[in-house]
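Heads up: the structure comes next, in structure tokens.
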Amino acid sequence: MISVRDAQAHILERITAQAQPELLPLSAALGRVLAQDVRAEMDVPPTDNSAVDGYAVASADIPSTGTRRLEVVAEVAAGSVFAGALGSGQTIRIMTGAPMPAGADTVYPQEVVERRDSAAIVGSLARGANTRRRGEDVQAGAVVLQAGGVLRPQEIGVAASLGLAQLLVRRKPRVAILSTGDEVAEPGTARKPGQIYDSNRFSLRGLVEDAGATVVDDGIVPDRFDELHARLQRAAEHADVVLTSGGVSVGDYDLVKAVLQQAGGIDFWQVAMQPGRPLAVGGIGRAHFFGLPGNPVASMLTFHLFVRPALWKLAGRRELFGQPFRATALEPMGKKSGRREFKRGILAYANDRWEVRTTGPQGSGILTSMTAANCFIILEEERGDVGVGESVWVEPFQPL
Ligand code: AMP
Ligand code: MG
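Using the numbering used here, read the sequence shown as starting at 56 and increasing by one per residue.
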């Protein structure tokens with residue numbers, strides 16, 4: 056038996072190289088992992104500018120009490136630059152985003168200015184009000200985006216604000232997915248007696264895509280040595296990671312084990328967890344290999360615990376795990392000590408705290424326990440039964 060934590064550590068140790076970098080236009084970079092730091096080559100904003108539509112003045116002309124009459128000598132729109140300099144007793148009509156004219160350091164919003172022909176009557180105002188300073192967002196030379204971060208809309212916006220049109224990101228890892236088992240039938244086709252429809256290939260596909268990797272669908276493989284051997288070898292030639300489900304539990308263990316041992320260096324683990332005990336991990340050719348258990352909940356859970364961090368490390372991500380937090384149990388939960396148990400939970404914020412209950416029956420074949428849930432409830436190895444009101448670890452399916 057191996058603990059979840061040790062299994063995770065061994066898996067991550069094996070991943071020593073990262074996916075190759077590629078240059079992508081900003082429009083294609085969403086969700087990708089940045090391959091190098093982005094350092095600003097300019098200030099943003101590039102000049103001091105007005106934060107409002109109004110009148111730019113030199114602070115020396117601002118009356119400390121009462122009002123003052125200033126001559127409006129020019130108008131400067133966003134996108135243009137006032138060529139001259141502001142003289143004493145003068146003001147310039149200015150639009151939001153227009154560079155501050157030389158000599159001006161403060162802007163009156165137009166709503167507080169009384170306009171009389173070519174004059175503006177102004178009251179008192181704090182020096183520097185309603186201006187945006189050069190470099191207040193980004194200063195030239197600063198690292199604004201760090202390698203290993205995932206590009207969200209705002210990171211892409213910041214890159215664009217620096218004038219960048221492309222970013223160096225990691226290629227998406229390619230993940231070949233195969234289902235194993237004579238009993239597994241393709242959805243949309245007729246099912247023979249004794250068969251069940253393949254759900255794992257489809258839930259795993261979604262998990263792979265959600266993890267930012269590309270899916271290669273390699274179909275269903277029957278429980279036959281030669282065919283399994285050939286299909287795994289072929290999958291390894293066109294993928295960075297080969298993912299199978301089924302065939303690692305005791306019944307057909309030997310067949311898959313024999314094939315995989317011939318195919319490369321694979322370890323077979325019994326992980327101290329529930330659901331999802333059996334797991335095969337290693338390499339086929341140049342590809343990483345994960346043999347996930349066949350039970351639908353177990354295959355999703357083992358993907359979450361073992362495959363996703365591996366894909367994220369391959370893709371160059373800095374953060375490899377979600378962040379669990381504590382919630383109050385609303386119902387009792389049975390727990391065997393000595394193994395880590397994962398219940399499917401429904402988590403909600405109520406009564407000034409996070410509260411969680413299970414989705415009901417927790418069999419590892421009950422895939423609808425995943426559709427009802429929004430989190431895993433994580434009961435650590437040393438823990439026994441959980442009583443109502445006790446606090447438990449939860450990890451939402453979607454990281455915060
Ligand atoms: P195995 O590990 O191959 O013995 O499979 C364990 C359980 O998971 C069995 O009940 C299988 O029928 C089921 N199973 C295996 N593969 C799939 C699949 N692709 N989709 C749904 N259930 C599966
Ligand atoms: Mg099987």
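All C-beta atoms, glycine included, are put in the ideal place defined by N, C-alpha and C. All figures in this text were calculated on a predicted structure; none of them were measured in a lab.
Inset, instruction - Below 8 Å CB to CB, which residues in the same chain sit around Gln317 once its five sequence neighbours on both sides are set aside? - result: These residues qualify, in order along the chain: His284.
Inset, instruction - Find out if the Cβ-Cβ distance for the pair Thr423, Gly346 is shorter than 9 Å. - result: In this structure, Thr423 keeps its C-beta atom at 9 Å or more from the C-beta atom of Gly346.
Inset, instruction - Look up Ala403 in the DSSP assignment and say whether it is helix, strand or coil. - result: It is a strand residue.
Legend entry - Start-to-end residues for the beta strand (DSSP E) that takes in Ser234: From DSSP, the beta strand (DSSP E) with Ser234 extends over 229-235.
Legend entry - Ala294 versus Val352 - alpha carbon distance: Rounded to the nearest angstrom, the two C-alpha atoms are 25 Å apart.
Inset, instruction - Kindly indicate which residue of Asp192, Glu445, Leu89, Ser392 has the alpha-carbon position closest to the one of Trp409. - result: Among Asp192, Glu445, Leu89, Ser392, the Cα nearest to that of Trp409 belongs to Glu445.
Legend entry - C-beta atoms of Asp98 and Arg189 nearer than 9 Å: Yes, Cβ-Cβ distance for Asp98 and Arg189 is below 9 Å.
Legend entry - Of the listed residues Gly183, Arg286, Ile433, Ser216, nearest to Val449 (C-alpha basis): Among Gly183, Arg286, Ile433, Ser216, the Cα nearest to that of Val449 is on Ile433.
Legend entry - Other residues of its chain near Ala106: CB distance less than 8 Å, five sequence neighbours each side excluded: Cβ within range, chain order: Thr151, Val162, Asn185, Thr186, Arg187.
Inset, instruction - Would you mind working out which of Arg363, Gly178, Glu169, Glu130 sits nearest Phe35, comparing C-alpha positions? - result: Within the shown structure, residues of the chain are numbered from 56 to 455, placing residue 35 beyond reach of any answer.
Legend entry - Limits of the unbroken alpha helix (DSSP H) element including Gly261: Per DSSP, Gly261 is one residue of the alpha helix (DSSP H) stretching across 255-265.
Inset, instruction - To the nearest angstrom, report how far apart Ile117 and Val224 are at their CA atoms. - result: Within the model, the alpha-carbon separation for Ile117 versus Val224 is close to 51 Å.
Inset, instruction - Report the residue from Ala428, Val411, Ile421 whose alpha carbon sits nearest the alpha carbon of Val441. - result: Ranked by how close their Cα comes to the Cα of Val441, the residues Ala428, Val411, Ile421 have Val411 in first place.
Legend entry - Given Ala62 as reference, the closest of Ala157, Ile211, Pro164, Gly337 once Cα atoms are compared: Among Ala157, Ile211, Pro164, Gly337, the Cα nearest to that of Ala62 is on Gly337.
Legend entry - Neighbourhood of Thr122 by C-beta distance below 6 Å, restricted to the same chain and skipping five residues each side: Taken in chain order, the residues that qualify are Ile176, Gly178.
Legend entry - Beta-bridge pairing of Val127 - partner residues as DSSP gives them: Beta-bridge pairing links Val127 to Thr146.
Inset, instruction - Can you tell me which of Arg69, Arg60, Met56 puts its alpha carbon nearest to the alpha carbon of Asp321? - result: The displayed chain sequence assigns Ile, not Asp, to residue 321. Of the listed residues, the one whose Cα sits closest to Ile321 is Arg69.
Inset, instruction - Rank Ser143, Glu169, Arg279, Pro164 by C-alpha distance to the C-alpha of Ala457 and give the top, closest one. - result: Only positions 56 to 455 of the chain appear in this structure, which leaves residue 457 out of reach.
Legend entry - Continuous alpha helix (DSSP H) stretch holding Phe323: start and end: Taken as a continuous stretch (DSSP letters only), Phe323 belongs to no alpha helix (DSSP H), being part of the beta strand (DSSP E) at 321-325.
Legend entry - Through-space distance from His359 to Arg372, alpha-carbon basis: Answer to the nearest angstrom: the Cα atoms are 16 Å apart.
Legend entry - Three CB pairs or more closer than 8 Å across the stretch 206-225 and the stretch 124-140: Judged by Cβ distances under 8 Å, the stretch 206-225 makes no contact with the stretch 124-140, as fewer than three pairs qualify.
Inset, instruction - Using only the heavy atoms of the ligand MG, determine whether one of them is closer than 8 Å to the beta carbon of Ser304. - result: Relative to the non-hydrogen atoms of the ligand MG, the Cβ of Ser304 comes within a distance shorter than 8 Å of at least one.
Inset, instruction - Alpha carbon to alpha carbon, how far is Ser304 from Gly415? Give it in angstroms, no decimals. - result: Each residue's Cα considered, the two are about 25 Å apart.
Inset, instruction - State whether the stretch 202-211 contacts the stretch 80-89, with contact taken as three or more CB pairs (one from each stretch) at a distance under 8 Å. - result: The stretch 202-211 is in contact with the stretch 80-89.
Inset, instruction - Kindly examine the ligand MG and report whether one of its heavy atoms sits closer than 8 Å to the Cβ of Thr235. - result: Checking the Cβ of Thr235 against the ligand MG gives yes.
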